[in-house]
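Undergrad:
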Amino acid sequence: MDKVSFKTDIYMGQGALNRLQDLKGKRIFIVTDPFMVQSGMIQQVINQIDESNKHMVFSDIVPDPPIEVVVSGMKALSEFETETIIALGGGSAIDAAKAMKYFAKQVSAQQDLPFIAIPTTSGTGSEVTAFSVISDQQKNIKYPLVSNDMTPEEAILDPELVKSVPDFITADTGMDVLTHAIEAFVSTKANDISDAFAEKAMKLVFEYLLRAYKDGNDLEAREKMHNASCLAGMAFTITSLGLNHGIAHVAGAKFHIPHGRMNSLLLPHVIEYNANCGTGYGEVENQKTAKRYAAIAKSLGLPASNTRSGVRSLINAIKQLQKQLKMPANLRDCGIEYKQLEEMRNAIAEGALKDGCTITNPRVPTEEDVIGILNKMFQ
């Protein structure tokens, strides 16, 4: 038996930020990053907050938020006697706010605070998920956290907040959306409801990501990618993810490659591995996972006369999109030397097998399998 439930109210479309005007008489703790302050975007949020509220801005968030920043924010949140949390930013700000809320409740018996997530990138889907990722920078390890207590009560998806995102970040985050949707679709926990979310997200990515990349002021494309990110997040909230993210969490930290870019690098190789259809792999026609990938190809209108051709069409379409987005095709393009890969691949493989996302991968990997994927990423 499966159970599907969502606790997040979603406000979407142009003007969605106006929802903040409804907050009255609250002590509001705003979690964001220095760029949101310097660029003035934080002011757009503050301008929507009624004068009856008191607010504090915590802007120490950095990419891949480290444990130390989460602890600092948790202390500030408690000292401010926070009544509502707002997270403004990309996945790092939202993930950090989630962790602050979670640990504040665990450590200091802080009440379960209302939490509003306002994403300023279209990628993680963190605004609707129970997941967070924080980093131990000394060990170069990312720790995925999972708890329904971290799921935001509200998400505000306003395309005006993402139109200034640079093209390369639009590309990275957009490919993260695609990876979320594809991994959700082939997850061992996939069902009809998660499939509907994932399939729509994939279609939106292939239709609108390149438009958003080429013209950040294309508000229709920005809105559609914001929605795709949210839909993919809803999909993997049901299903969890897979080996792609299992490797990305570890390899991204080791090589210091942005999360979405690392997922993009991995995606064709993980599909090939899961479908068992690459060079040296076996027969695919009767393999369930390969058929799922072929079904994605068909839903996107790609050639899929048989299972193998469907899988190849999907991989080729992903590679073509990556090329159009001027994304790196391999680890060498990211400045990684083969010696670095040799030194780190065993540890990456070991960490990937322990990662919680790998549990729901449709094919059970070995350490040798992961090393093989990493080697292919260098070719």
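Taking UniProt numbering, I'd label the letters of the sequence shown as residues 1 to 379.
Think of the CB as a built atom: it goes at the ideal place given N, C-alpha and C, for glycine as much as any other residue.
This one's a predicted model, so the numbers in the text were calculated from it and none came from an experiment.
1. List the endpoints of the continuous alpha helix (DSSP H) containing Ser108.
2. Pairing CB atoms from the stretch 46-64 with CB atoms from the stretch 72-79, are three or more of them under 8 Å?
3. Would you check if the distance between the CB atom of Ala198 and the CB atom of Ala232 is smaller than 8 Å?
4. According to DSSP, is Pro159 part of a helix, a strand, or is it coil?
5. Bridge partners for Arg222 per DSSP, in chain order?
6. Going by C-alpha to C-alpha distance, which of Phe185, Gln43 and Ser39 sits closest to Asn274?
7. Under DSSP, the alpha helix (DSSP H) around Val45 begins and ends at which residues?
8. In three-state DSSP terms, what is Ser164?
9. Hey, which unbroken runs of the alpha helix (DSSP H) at 4 residues or more fall wholly within the stretch 305-368?
10. What distance in whole Å lies between the Cβ atoms of Leu23 and Asp50, which are believed to be in contact at a cut-off of 8 Å?
11. Please list, in chain order, all residues of the same chain as Asn191 whose beta carbon is under 6 Å from its beta carbon, the five residues on each side excluded.
12. Buried or exposed, going by whether 16 or more other CB atoms sit within 10 Å of the CB of Glu223?
13. Name the two residues that bound the continuous beta strand (DSSP E) containing Met1.
14. Would you report the Cα separation of Ser187 and Asn47, rounded to the nearest angstrom?
15. So, with DSSP's three-state summary, where would you put Pro65?
16. Mapping the DSSP letters down to three states, classify His55 as helix, strand or coil.
17. Can you find the residues in the same chain that come closer than 6 Å, C-beta to C-beta, to Lys26, ignoring five residues on each side of it along the sequence?
18. Does Asn244 pass the burial test, meaning 16 or more other C-beta atoms within 10 Å, or should it be called exposed?
19. Smallest Cα separation from Leu204: which of Thr124, Val177 and Leu219?
20. Pick helix, strand or coil for Glu154, following the three-state DSSP scheme.
21. In three-state DSSP terms, what is Ser229?
22. Please classify Asn346 as buried or exposed, where buried requires at least 16 other C-beta atoms within 10 Å of its C-beta.
23. Out of Met41, Asp136, Ser309 and Gly89, point me to the one whose CA is closest to residue 423's CA.
24. Can you tell me which of Ser132, Met150, His180 and Ile371 puts its alpha carbon nearest to the alpha carbon of Phe236?
25. Does the Cβ of Met377 lie closer than 7 Å to at least one heavy atom of the ligand COA?
26. Tell me, which residues are paired with residue 418 by DSSP?
27. Is it buried or exposed for Tyr338, if we count other Cβ within 10 angstroms and need 16 for buried?
28. Comparing alpha-carbon positions, which option in Ser122, Ala99 and Asp167 lies nearest Ser147?
29. Taking 8 Å as the cut-off, decide whether the C-beta atoms of Ile348 and Lys254 are in contact.
30. So, at 7 Å on beta carbons, what are the nonlocal neighbours of Arg19 in its own chain, with the 5 sequence-adjacent residues on each side left out?
31. Among Ser194, Ala196, Asp195 and Ser229, whose alpha-carbon lies nearest the alpha-carbon of Leu209?
32. What's the C-alpha gap between Met377 and Leu331?
33. By the three-class DSSP mapping on this structure, what secondary structure does residue 384 have?
34. Quick one: any contact between the stretch 258-268 and the stretch 353-363, if contact means 3 or more CB pairs under 8 Å?
35. Using DSSP with H/G/I as helix, E/B as strand and the rest coil, what is Phe378?
36. Taking only the alpha-carbon atoms, compute the straight-line gap between Gly123 and Glu81 and give it to the nearest angstrom.
TA: Quick answer:
1. It spans Gly91 to Ser108 - the alpha helix (DSSP H) in which Ser108 sits, taken as one unbroken run.
2. Output reads yes: the stretch 72-79 touches the stretch 46-64.
3. Judged by their CB atoms, Ala198 and Ala232 are nearer to each other than the 8 Å cut-off.
4. Pro159 falls in the helix class under three-state DSSP.
5. Looking at the DSSP output, Arg222 shares a beta bridge with no other residue.
6. When Phe185, Gln43 and Ser39 are compared, the shortest CA-CA separation from Asn274 is found for Phe185.
7. Where Val45 is concerned, the enclosing alpha helix (DSSP H) stretches over Met41 to Ile46.
8. Note: Ser164 maps to coil in three-state DSSP.
9. Whole alpha helix (DSSP H) segments, 4+ residues: 307-324 and 338-354.
10. The Cβ separation is near 6 Å, so the contact holds.
11. Excluding positions up to five away in sequence, the list reads Asp2.
12. By the neighbour-count rule (16 or more Cβ atoms within 10 Å), Glu223 is buried.
13. For Met1, no beta strand (DSSP E) segment is defined, and its DSSP state is neither H nor E.
14. Spanning the two alpha carbons is a distance of roughly 42 Å.
15. In the three-state scheme derived from DSSP, where H, G and I count as helix and E and B as strand, Pro65 is classed as coil.
16. DSSP places His55 in strand when its eight states are reduced to three.
17. Cβ neighbours of Lys26 beyond the five flanking positions: Asn53, Glu83 and Thr84.
18. Asn244 is buried by the Cβ-count criterion.
19. Out of Thr124, Val177 and Leu219, Val177 has the C-alpha closest to the C-alpha of Leu204.
20. Strand, per DSSP.
21. Under the three-state reduction of DSSP output, Ser229 falls in the helix class.
22. By the C-beta density criterion, Asn346 is exposed, having fewer than 16 other C-beta atoms within 10 angstroms.
23. What is shown of the chain runs 1 to 379, which leaves residue 423 out entirely.
24. Ranking the options by Cα distance to Phe236, first place goes to His180.
25. This structure simply doesn't include the ligand COA, nor any ligand for that matter.
26. In the structure as shown, the chain starts at 1 and stops at 379, and residue 418 therefore has no counterpart that could be examined.
27. Residue burial annotation: Tyr338 is exposed, with fewer than 16 other C-beta atoms found within 10 angstroms of its C-beta.
28. Here the closest residue by C-alpha is Ala99.
29. Against a cut-off of 8 Å, the Cβ pair of Lys254 and Ile348 comes out as a contact.
30. The beta carbon of Arg19 sits closer than 7 Å to the beta carbons of Tyr11 and Ile156 from its chain, once the five residues preceding and following it are set aside; these are given in chain order.
31. Closest by C-alpha distance to Leu209, out of Ser194, Ala196, Asp195 and Ser229, is Ser229.
32. When only Cα atoms are considered, Met377 and Leu331 end up about 6 Å apart.
33. Residue 384 is absent from the model: the chain starts at 1 and stops at 379.
34. In the pairwise beta carbon analysis, the stretch 258-268 is classified as not touching the stretch 353-363: fewer than three pairs are separated by under 8 Å.
35. Correct three-state label for Phe378: helix.
36. Computed Cα separation, rounded: 31 Å.
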